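First the structure, in the form of structure tokens, and then the observations on it.
Number of protein chains: 2
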Amino acid sequence: MSPKFSAALLPKGFQFSATACGLKKSGIDLGLLISEIPASAACVFTTNLVKAAPVLLSQMHLRRTSSGMKAIVVNSGNANCSTGVAGIAAAKRTAVDIAKAIGCREEQALVCSTGVIGVPLPVKRIQDAIPALVRQLDATSDSFKKFTCAIMTTDTFPKWAAANCTIGSKKIRLLGCAKGAGMIHPNMATMLSFIVTDAAVSPVVLRRALRTAVAGTFNAITVDGDTSTNDTLALLANGASGARRIRQGSADYLRFCGALESVCQSLALQIVADGEGANRIVEIEVKGAVSDREADRVARAIGNSPLVKTAIAGGDPNWGRILAAAGRAGAQLDPNLIEIRMCGMLVCRNGCAYPFNERAAHRKLLAKQIPILVDLKLGQGRARIWTCDFTADYVRINASYRS
Amino acid sequence: MSPKFSAALLPKGFQFSATACGLKKSGIDLGLLISEIPASAACVFTTNLVKAAPVLLSQMHLRRTSSGMKAIVVNSGNANCSTGVAGIAAAKRTAVDIAKAIGCREEQALVCSTGVIGVPLPVKRIQDAIPALVRQLDATSDSFKKFTCAIMTTDTFPKWAAANCTIGSKKIRLLGCAKGAGMIHPNMATMLSFIVTDAAVSPVVLRRALRTAVAGTFNAITVDGDTSTNDTLALLANGASGARRIRQGSADYLRFCGALESVCQSLALQIVADGEGANRIVEIEVKGAVSDREADRVARAIGNSPLVKTAIAGGDPNWGRILAAAGRAGAQLDPNLIEIRMCGMLVCRNGCAYPFNERAAHRKLLAKQIPILVDLKLGQGRARIWTCDFTADYVRINASYRS
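Protein chains in written order, with our numbering: chain X, 135 to 537; chain D, 135 to 537.
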């Protein structure tokens, strides 16, 4: 966690705690966050048809509760996915026990899991840990920091982001954390993210704000083209700041959306930067497409190309692979018009090589952030996505994940 | 090349030669095959919108020639792609010189290139090599063997396959070779393949036979999801066997298609086996889908999943990743019905873990061929594709390809 984090960034009325319950071989693997007062909730879940038990349960709780969300309980080390009826029962058991311990109804708790698929969740370990977990709840940076660590799997660093804005005369705060690493793909990959705010927002308005913020951030990143069974992004707003309620379409709403988007953007980029085995962030911007949708297709074809991503890993300005990926994207294009820039250097014009200094280009490509700009020169459509390079370490991590 | 190859496998009336013209740093990189009499030709080209100059030229020649194809000239080491007007001129120059040297019209020659994209083709080197190339033409196994080596790039072994069948009382032969390695994806990736036969078949019937043979073979393999700019599969039939002409829909036709498909199948599997960095072939069969098309979607989602492919590289029976890939394929499915077998072992039933011996499974997964069977239990749709595992060597090869 960045040394710049301080308790002043914590939104009012939220508490955190984390502990080790033995689901991971070592380290903390169970986290809890609660809102002292019931909070409006908005969530985005995986689009995979294979959904983990906690996703199915949380979706149901979100539909059912009319009295606001109180808690989010998260375990790492076991995805509780493809675990059948017993898996659903385990997720429900977790929610029931948390609800009892903090004094709310079970549908006021969301449950999230991440880890290996298809292994029964030893829910007893979670149940046994809940009393201590609840006892340790508090509103300190230290607890928040522990919570961000409890949700990690192959992540190499905890991810968090904060923002604030003024609503009326009151300051409202947003604070989020995320875990990512592998299986990151548009439409929410094995990614868990939790954002809390002390703004006052109705569930309907909160949902709309979240949907807008996600489109150009969490849904614009890809690590390996795989979409997980457990993805959950949950946003809670408890109103504890005392600021006036944010109404749809108001100036307050726009300010709130701006702050929310900056948190989502920061978390999404941290996930890409920590893509399994990744050394560099690649920002792929496509313009000049006949529509935004077609631009997005081209950007994703480039961003998911293992050949492009391995070339970036090697610091190789291999623009031919970018062009080839664009050509198979299924979007309208004329190869003879295409212009490509890597790290600001023009490398391809009218679909042909544009002379550039290979040595200088290679040096530029060793940077941490690699911008790639592809101009199709056909229309006004644009899109931007982020991915990471594809290194031998990705393979090493994933060839032995379970062992 | 397998020691089983003998001159008896060569179809009548074809000659081969190969030489080093200096496009690769070392080794032979220019091959020529000719038919002594004009041959019917059928081709399948890349579907990438970015097409290399030789692809554009060969497509034009195929449309224009009414008098049969005489020659195929192939270089490795340079793709002659994204090389603009000069690239087209270089491909044309090659065809013109070959035509002059062997005595045919330029549109009776097909031109193919494979190698790095975006670097001007030094066509002078090819022109200078043509006299020797033509002088060395002959119908020996040795020349064919050299030809199969001249077309290789990152391939680790030459690929060839032969078949024969009887048409009337005459034996007809088919002989094919291919280069593959990286960028192998449905709809013909950086793959060049040439198949010659001494059967007598009209261009129309030949095209139909090729299209049928390709569907379940070359178009059912994937290495990395990338589709190249240069893919070409060319089939020449010169009738030199003296066998009667094969008519559409006849028993002769079915026999011919069977032999053609066996050649395509063998070449396709050799390409997968030699996928960049690959150690194992993975055969993914999906059944029980609502349609063949949906089965194909699921099979390809699994076959293109880096997480599945890295697990296979590690000998890890991680069926959860297979299930997760199926779930995001965009096909209709019920996770609670799915059954998965790896190497014949039931590992997932009703979408849940089925108890299996991890150690035995790991041992089985170290085999060269890994069959994966996914039964969606919804309908009669089936599909089968082949891919390879995804190793750290793939990254090593592709991070430094140009240097």
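Yeah, the Cβ is synthetic: ideal placement off N, Cα and C, and Gly gets one too. From a predicted model like this one, the values you see are computed outputs, not experimental measurements.
Reduced DSSP secondary structure (H/G/I, E/B, other) of residue i
i, result
"lysine 305 of chain D", "strand"
"alanine 526 of chain D", "helix"
"arginine 198 of chain X", "helix"
"aspartate 272 of chain X", "strand"
"phenylalanine 390 of chain X", "helix"
"methionine 317 of chain X", "Only weak support is given to the placement of methionine 317 of chain X: the predicted model assigns it a pLDDT of 46, under 50, and the value that follows is read from those uncertain coordinates. Looking at methionine 317 of chain X - three-state DSSP - the assignment turns out to be coil, as it is neither helix nor strand."
"valine 257 of chain X", "helix"
"arginine 493 of chain X", "helix"
"cysteine 486 of chain D", "strand"
"isoleucine 456 of chain X", "helix"
"arginine 536 of chain D", "Confidence in arginine 536 of chain D is poor, its pLDDT being 49 and thus under 50, which makes the residue's placement too unreliable to answer from."
"isoleucine 264 of chain X", "helix"
"threonine 282 of chain X", "helix"
"leucine 143 of chain D", "helix"
"glycine 156 of chain D", "coil"
"lysine 498 of chain D", "helix"
Identity of the residues DSSP links to residue i by a beta bridge
i, result
"tryptophan 294 of chain D", "D:Cys311"
"aspartate 509 of chain X", "X:Lys421 and X:Glu473"
"isoleucine 162 of chain X", "Answer is none; isoleucine 162 of chain X lacks a bridge partner."
"arginine 299 of chain D", "One point to set straight first is that residue 299 of chain D is cysteine, not arginine, in the sequence displayed. D:Ile306."
"alanine 553 of chain D", "Missing from the structure shown is residue 553 of chain D; chain D here goes from 135 to 537 and no further."
"glutamine 149 of chain X", "X:Ile168"
"valine 330 of chain X", "X:Leu309 and X:Leu370"
"methionine 479 of chain D", "D:Met476"
"glutamine 466 of chain D", "Glutamine 466 of chain D is not bridged to any residue."
"isoleucine 504 of chain D", "D:Val416"
Given residue i as reference, the closest of the options once Cα atoms are compared
i, options, result
"isoleucine 236 of chain X", "X:Val184, X:Lys305, X:Lys279 and X:Leu166", "X:Leu166"
"isoleucine 415 of chain D", "D:Ala435, D:Ser384 and D:Ala402", "D:Ala402"
"lysine 511 of chain D", "D:Ile474, D:Ile519, D:Ala263 and D:Pro505", "D:Ile474"
"serine 375 of chain D", "D:Leu308, D:Val253 and D:Leu369", "D:Leu308"
"alanine 312 of chain D", "D:Glu492, D:Ala297 and D:Lys293", "D:Lys293"
"proline 337 of chain X", "X:Lys146, X:Ala173 and X:Phe139", "X:Ala173"
"isoleucine 418 of chain D", "D:Asp430, D:Ile264, D:Asp408 and D:Lys304", "D:Asp430"
"proline 505 of chain X", "X:Gly515, X:Val481, X:Gly485 and X:Arg493", "X:Val481"
"lysine 138 of chain X", "X:Thr363, X:Thr181 and X:Ala297", "X:Ala297"
"glycine 392 of chain X", "X:Ala187, X:Arg198, X:Leu344 and X:Gln466", "X:Leu344"
"lysine 258 of chain D", "D:Leu164, D:Leu271, D:Val348 and D:Met286", "D:Leu164"
"alanine 460 of chain X", "X:Val442, X:Lys234, X:Ala273 and X:Ala435", "X:Ala435"
"glutamine 382 of chain X", "X:Ile329, X:Ala263, X:Ala349 and X:Val335", "X:Val335"
"cysteine 477 of chain D", "D:Pro469, D:Pro489, D:Lys502 and D:Ser275", "D:Lys502"
"asparagine 212 of chain X", "X:Gln466, X:Leu370 and X:Thr248", "X:Thr248"
"leucine 394 of chain X", "X:Gly156, X:Val339, X:Met286 and X:Asn214", "X:Val339"
"proline 145 of chain D", "D:Ser210, D:Thr331, D:Gly449 and D:Gly422", "D:Thr331"
"proline 440 of chain X", "X:Phe524, X:Ile355 and X:Ala385", "X:Phe524"
Scan the region 445 to 462 of chain X for residues whose Cβ lies nearer than 9 Å to a Cβ of chain D and list them as they occur along the chain. Within the region 445 to 462 of chain X, the residues whose Cβ lies closer than 9 Å to some Cβ of chain D are Ala445, Ile446, Ala447, Gly448, Gly449, Asp450, Pro451, Asn452, Trp453, Gly454, Arg455, Leu457, Ala458, Ala459, Ala460, Gly461 and Arg462, listed in chain order.
- In chain order, which alpha helix (DSSP H) runs of at least 4 residues are fully inside the region 394 to 448 of chain D? Counting whole runs of 4 or more residues, the region 394 to 448 of chain D contains the alpha helix (DSSP H) stretches 426 to 437 and 440 to 447.
### Task
Please go through the region 335 to 386 of chain X and give each complete beta strand (DSSP E) segment of 3 or more residues, from N-terminal end onward.
Fully enclosed beta strand (DSSP E) runs of 3 or longer: 366 to 371.
At what residue ranges does the region 169 to 255 of chain X contain a whole run of the beta strand (DSSP E), taking only runs of 3 or more? You should have 203 to 210 and 243 to 248.
Given a limit of 8 Å on CB to CB distance, which residues of the region 169 to 191 of chain X reach chain D? Only those residues of the region 169 to 191 of chain X whose C-beta falls short of 8 Å from the nearest C-beta of chain D are listed: Thr181, Asn182, Leu183, Val184 and Lys185.
* Please list the residues of the region 479 to 509 of chain X that have a C-beta atom closer than 8 Å to any C-beta atom in chain D, keeping them in chain order. => Within the region 479 to 509 of chain X, the qualifying residues are Cys482, Asn484, Gly485, Cys486 and Ala487.
Residues in the region 237 to 270 of chain X having any Cβ partner in chain D nearer than 9 Å
Of all residues in the region 237 to 270 of chain X, only Val250, Ile251, Gly252, Val253 and Pro254 place a beta-carbon less than 9 Å from a beta-carbon of chain D.
Quick one: which residues of the region 514 to 527 of chain D get their C-beta closer than 7 Å to a C-beta of chain X? List them in chain order.
Residues of the region 514 to 527 of chain D whose Cβ lies closer than 7 Å to any Cβ of chain X, in chain order: Phe524, Thr525 and Ala526.
Between the region 207 to 218 of chain X and chain D, which residues of the former have a C-beta closer than 8 Å to a C-beta of the latter? Those residues of the region 207 to 218 of chain X placed with their C-beta closer than 8 Å to a C-beta in chain D are Ala213, Cys215, Ser216, Thr217 and Gly218, ordered along the chain.
query = Taking a cut of 8 Å between CB atoms, which residues from the region 421 to 441 of chain X lie near chain D?
reply = Per Cβ criterion, the list reads Asn438, Ser439, Pro440 and Leu441.
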